[in-house]
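Residue numbers (my numbering): 4 to 498.
Ideal placement from N, C-alpha and C gives every residue a C-beta, glycine not left out.
Remember, predicted model here, so these are calculated numbers, not experimental data.
Just below is one structure, and these are the notes that go with it.
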Amino acid sequence: MTKSQENIRVRFAPSPTGEPHLGAMRTALFNWLFAKHHNGKFILRIEDTDQTRKQEGSLENIIKGLEWMGLDWDEGPKKGGEYGPYTQSERKHLYSNAAKTLLDNGHAYLCDRTPEELKLMRETQKREGKPPGYDGFSRNRKLEELEKSRKEGRPIVTRLKVPKNGNRKFTDSIRGEINFDLSTIDDFVILKADGMPTYHLANVVDDHLMQISHVLRGEEWISSTPKHILLYEFLGFTPPNYVHLSLLLGKDKTKLSKRHGATSILEYKNSGFLPEALNNYLTLLGWYPGENQEILSKNEIIKKFNLKGLNDSPAIFDQEKLTWMNGVYIRQSSTEFLTKIFHEELEKKLPNTVKRPVNKGILKKIVPLVKDRLKTTNDLIEYVDFFFLPPTQTDHTIIQKGVSKEETIKILEKTILMFNKQEIHQNFVTENIEKYLRNLIGTFELKTRQSLGTIRSAVTGKDVAPPLFDTLSILGLEECRKRIKNSLEVLNKQN
RNA sequence: GCCCCGUUGGUGUAGUGGCCUAACACGCUGCCCUUUCAAGGCAGAGAUCACGAGUUCGAAUCUCGUACGGGGUACCA
């Protein structure tokens with residue numbers, strides 16, 4: 004028996020042991036989408052039952068990651084809710100109560116074997132070719148004996164008494180019915196020696212108390228699910244619906260990890276990816292919208308999201324496609340928005356010699372010129388720094404392929420002369436500049452690309468830059484003249 | 001070892017018994033556009049649907065087996 008579909012309540016339950024990982028964020032995303040689609044609730048719960056693995060700043064980063072991705076939670080840390088607290092270390096009594104119930108109704112027992120003893124046991128089992136697992140040492144020992152052991156200072160854990168025979172099956176929304184033989188499951192620990200619950204106990208107690216209707220979690224949990232089913236059964240609870248998401252893999256088809264490059268969502272934030280693009284890309288990894296369209300807004304995805312579109316095989320994270328998609332999102336963005344984020348980027352990356360705040364008026368004019376050319380905002384600086392900082396020139400940076408030094412000097416001198424014409428002087432705008440410049444270079448015995456390339460490099464110091472005529476107009480007549488003169492000086496000096 | 005999940009071009013996916021001589025997107029190649037770089041347009045290469053057997057008039061699609069990949073087998077989550 005499972006819960007009804009009426010009140011959709013899902014949760015994302017990270018443990019604060021590291022960075023907000025791409026795979027985890029995708030799980031969060033799917034949970035969030037499912038909740039939004041059904042007008043349900045998305046709950047954030049912190050699973051910090053392993054005190055030894057806790058990492059400083061991890062929780063903050065996870066929250067930062069979720070906020071950046073726009074995955075807002077209805078209940079959880081910073082937000083509260085009627086099922087709180089939402090941090091497991093603050094709910095200890097609930098788990099020990101559950102363990103007590105299990106102890107009382109005979110479904111659990113205490114055990115005083117130390118981790119060292121257990122490790123030795125497993126090694127022996129392996130050596131003898133037996134399947135490793137708890138051997139049931141304390142299963143039938145008297146309670147008084149264990150309590151005495153506790154008084155003597157030995158560490159005591161609580162284990163679930165897993166039936167030796169039979170099987171448990173459950174229905175996974177993606178994979179269908181999955182069956183496990185109970186003989187393959189040992190008497191696992193539910194309450195650790197430090198009084199903290201293990202994941203198994205904690206997630207069952209919390210999902211029940213928080214009335215979670217659907218558990219969307221990674222595929223790595225499939226094997227543990229029969230343990231959870233058992234716990235629900237012995238505690239008299241009704242299990243939620245299970246949806247085990249396929250894993251995210253790296254290029255070599257192993258679980259995505261640091262070896263594959265950036266795995267923290269925050270690294271993508273810092274590399275100039277837009278959260279909308281990452282969201283869009285991530286949803287497409289293991290989910291099909293029902294049609295070929297791939298560029299989908301968050302609202303469209305919410306509207307279309309359903310469990311049926313979920314895929315059962317693991318997906319390899321392809322950064323190239325993400326990068327392409329990010330470019331699509333940049334191109335789609337408004338000038339106002341891009342001006343804002345580009346401004347932040349330039350404030351950060353332009354050298355100190357550039358006066359702050361960075362000129363927003365100019366930036367706004369630059370945006371339409373570069374938005375088609377960028378894949379990430381990280382690429383921005385290379386394209387536009389010369390607008391704010393005159394280039395340092397040498398012969399090498401000015402002279403174009405197939406053009407002699409003499410020709411280069413001639414082109415630049417004539418360009419300056421042309422700039423002196425009144426018609427240009429008074430109306431230094433793109434169309435006008437183009438008209439006169441094209442006229443001028445028509446008199447040279449060079450290809451258009453060579454002539455214009457020469458002017459480009461003289462002004463920008465680059466081979467790759469935004470469209471020339473617009474660039475000149477944005478820089479303004481005086482600045483252009485100054486830069487060309489400077490280039491001429493460089494060329495003449497080294498002669 | 002044992003248990004569980006998976007397997008369609010390099011990648012993500014579509015496909016649920018005949019419309020599949022397998023579709024779409026990224027990437028790749030070529031051409032066009034063009035002042036550079038992008039963007040855009042057009043064309044193309046790339047998959048014996050992991051393999052084998054079976055069911056069927058007919059299978060990428062159903063069944064079984066094998067191989068390979070992944071996950072689990074903790075007082076980690």
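Burial state of residue i (16 or more Cβ within 10 Å)
{"i": "residue 275", "result": "buried"}
{"i": "residue 375", "result": "exposed"}
{"i": "residue 172", "result": "exposed"}
{"i": "residue 134", "result": "exposed"}
{"i": "residue 4", "result": "At residue 4, the pLDDT of 42 sits below 50, so the modelled position is not reliable; the number obtained from the coordinates is stated separately. Exposed, since its Cβ has fewer than 16 Cβ neighbours within 10 Å."}
{"i": "residue 396", "result": "buried"}
{"i": "residue 216", "result": "buried"}
{"i": "residue 449", "result": "buried"}
{"i": "residue 469", "result": "buried"}
{"i": "residue 321", "result": "exposed"}
{"i": "residue 13", "result": "buried"}
{"i": "residue 35", "result": "buried"}
{"i": "residue 399", "result": "exposed"}
{"i": "residue 22", "result": "buried"}
{"i": "residue 459", "result": "buried"}
{"i": "residue 96", "result": "exposed"}
{"i": "residue 428", "result": "exposed"}
{"i": "residue 91", "result": "buried"}
Assigned secondary structure, residue i (DSSP; H/G/I helix, E/B strand, else coil)
{"i": "residue 394", "result": "coil"}
{"i": "residue 17", "result": "coil"}
{"i": "residue 345", "result": "helix"}
{"i": "residue 84", "result": "coil"}
{"i": "residue 7", "result": "A caution first: residue 7 carries a pLDDT of 48, below 50, which makes its placement in the model unreliable, though a value can still be read off. Coil."}
{"i": "residue 76", "result": "coil"}
{"i": "residue 430", "result": "coil"}
{"i": "residue 183", "result": "strand"}
{"i": "residue 371", "result": "helix"}
{"i": "residue 359", "result": "coil"}
{"i": "residue 100", "result": "helix"}
{"i": "residue 24", "result": "strand"}
{"i": "residue 252", "result": "strand"}
{"i": "residue 60", "result": "coil"}
{"i": "residue 464", "result": "coil"}
{"i": "residue 265", "result": "coil"}
{"i": "residue 295", "result": "coil"}
Nearest candidate by alpha-carbon position, reference residue i, set the options
{"i": "residue 56", "options": "29, 19, 94 and 71", "result": "19"}
{"i": "residue 361", "options": "373, 371, 370 and 347", "result": "347"}
{"i": "residue 43", "options": "450, 76, 455 and 71", "result": "76"}
{"i": "residue 332", "options": "440, 462, 358 and 301", "result": "301"}
{"i": "residue 37", "options": "471, 310, 158 and 60", "result": "310"}
{"i": "residue 366", "options": "100, 384 and 174", "result": "384"}
{"i": "residue 213", "options": "47, 472, 401 and 485", "result": "47"}
{"i": "residue 482", "options": "463, 493 and 467", "result": "463"}
{"i": "residue 258", "options": "222, 243, 269 and 234", "result": "222"}
{"i": "residue 495", "options": "433, 402, 432 and 453", "result": "402"}
{"i": "residue 29", "options": "410, 73, 493 and 62", "result": "73"}
{"i": "residue 430", "options": "459, 144 and 475", "result": "475"}
{"i": "residue 480", "options": "420, 344 and 338", "result": "420"}
{"i": "residue 279", "options": "154, 330, 254 and 119", "result": "330"}
{"i": "residue 1", "options": "414, 428 and 486", "result": "The requested residue 1 is not part of the displayed model; the chain covers only 4 to 498."}
Sequence-distant residues of the same chain with beta carbon closer than 7 Å to residue i, five excluded per side
{"i": "residue 556", "result": "Residue coverage of the chain in this structure runs from 4 to 498, which leaves residue 556 outside it and unanswerable."}
{"i": "residue 190", "result": "137, 139, 142, 162, 163, 164 and 165"}
{"i": "residue 7", "result": "Because residue 7 sits at a pLDDT of 48, beneath the cut-off of 50, its placement in the model cannot be relied upon, and the point is left open."}
{"i": "residue 345", "result": "366, 370, 380 and 383"}
Heavy atom of the ligand ATP within 7 Å of residue i beta-carbon
{"i": "residue 405", "result": "For the structure depicted, the ligand ATP is absent and the ligand set is empty, with no information on it obtainable."}
Same chain, Cβ closer than 6 Å to residue i, five either side skipped, listed in chain order
{"i": "residue 317", "result": "249, 250 and 252"}
{"i": "residue 199", "result": "52"}
{"i": "residue 169", "result": "185"}
{"i": "residue 211", "result": "240"}
{"i": "residue 493", "result": "396"}
{"i": "residue 128", "result": "135"}
{"i": "residue 192", "result": "160, 162 and 201"}
Own chain residues within Cβ distance below 8 Å of residue i, not counting five before or after
{"i": "residue 39", "result": "45, 305 and 308"}
{"i": "residue 350", "result": "359, 360 and 361"}
{"i": "residue 121", "result": "137"}
(request) Pair every Cβ in the segment 380 to 393 with every Cβ in the segment 274 to 292, then say whether three or more of these pairs are closer than 8 Å. (result) yes
(message) Across the segment 228 to 248 and the segment 176 to 186, are there enough close Cβ pairs to call them in contact, namely three or more that are closer than 8 Å?
(response) yes
(request) State whether the segment 197 to 205 contacts the segment 242 to 250, with contact taken as three or more CB pairs (one from each stretch) at a distance under 8 Å. (result) no
(request) Determine, using beta-carbon pairs with one atom in the segment 389 to 404 and one in the segment 335 to 355, whether at least three such pairs fall under 8 Å. (result) yes
(message) Within 8 Å, do at least three Cβ pairs link the segment 107 to 117 to the segment 57 to 71?
(response) no
(message) Quick test of the definition: if touching needs 3 or more C-beta pairs under 8 Å, does the segment 430 to 442 touch the segment 335 to 343?
(response) no
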